[in-house]
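Residue numbers (mature numbering (1 follows the signal peptide of the UniProt record, and there is no 0)): -24 to -1, 1 to 158.
For reference, the structure discussed in these notes is given below.
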């Protein structure tokens, strides 16, 4: 039954994106350097955690290096937190936060997990408006990872030089992360 559900989901993803090849590009874990990937203008990764303070500690580490977010780190305790979009601003020094910096902070407290042949992700970032202050985008994603299925669509604003980190809590101590920049 799970195989049938997975097959139907993959077929749905393929028809949603216009061709199955667009989705098939996300399958191969050999194309994902260091267990991360890029698709649809975004970078993504799934990480496993055992400590419910892992996300708190990762955000605090980024804050320590001058990348401040729109959330209080302590509210990201994984006992209750289910997911959100965390918006980071440019550091006071003017340095722009990169997805590599974000994934490095996450790796310090969590374990990157590899996508398998049966896993898939589709991310679409659609610009709604762009101005001197940043960009407003509508992010839509669908993911199938290790039997977990998640999908969402939401608009958010990213300041110029900033970075949005979409976090979704999957089952089994796993978190999906998607980074987006204007």
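Built from N, CA and C at the ideal position, the CB exists for glycine as well.
Distance between residue j and residue i (C-alpha atoms, nearest Å)
| i | j | result |
| --- | --- | --- |
| residue 96 | residue 121 | 7 Å |
| residue 57 | residue 98 | 23 Å |
| residue 44 | residue 151 | 21 Å |
| residue 141 | residue 112 | 14 Å |
| residue 11 | residue 155 | Any reading at residue 11 is ruled out, since the residue's pLDDT is 46, under 50, leaving its predicted position unreliable. |
| residue 50 | residue 36 | 9 Å |
| residue 34 | residue 19 | 17 Å |
| residue -20 | residue 116 | Note on residue -20: pLDDT 43, under 50, position unreliable in the model; the coordinate value appears next. Approximately 21 Å, taken between the alpha carbons. |
| residue 135 | residue 82 | 22 Å |
| residue 123 | residue 31 | 22 Å |
| residue 1 | residue 100 | Residue placement at residue 1 is poorly supported in this model, since its pLDDT is 32, which falls under 50; the coordinates are not used for a value here. |
| residue 153 | residue 131 | 16 Å |
| residue 126 | residue 107 | 31 Å |
| residue 72 | residue 119 | 28 Å |
Paired residues, beta bridge with residue i - DSSP
| i | result |
| --- | --- |
| residue 105 | 112 |
| residue 24 | 87, 150 |
| residue 79 | Looking at the DSSP assignment, residue 79 forms no beta bridge with any residue, so it has no partner. |
| residue 99 | 117 |
| residue 45 | 64 |
Range of the contiguous beta strand (DSSP E) that encloses residue i
| i | result |
| --- | --- |
| residue 161 | Residue numbering for the chain in the displayed model covers -24 to 158; residue 161 lies beyond these limits and cannot be assessed. |
| residue 127 | 124 to 135 |
| residue 60 | 59 to 64 |
Beta-carbon spacing of residue i, residue j below 8 Å
| i | j | result |
| --- | --- | --- |
| residue 21 | residue 87 | no |
| residue 145 | residue 129 | no |
| residue 78 | residue 52 | no |
| residue 42 | residue 67 | yes |
| residue 139 | residue 91 | no |
| residue 110 | residue 133 | yes |
| residue 94 | residue 54 | no |
| residue 143 | residue 74 | no |
Limits of the alpha helix (DSSP H) - the one that residue i falls within
| i | result |
| --- | --- |
| residue 33 | 30 to 40 |
Closer than 8 Å to chain D by CB, residue i
| i | result |
| --- | --- |
| residue 129 | The structure shown contains no chain D; it is built from a single protein chain. |
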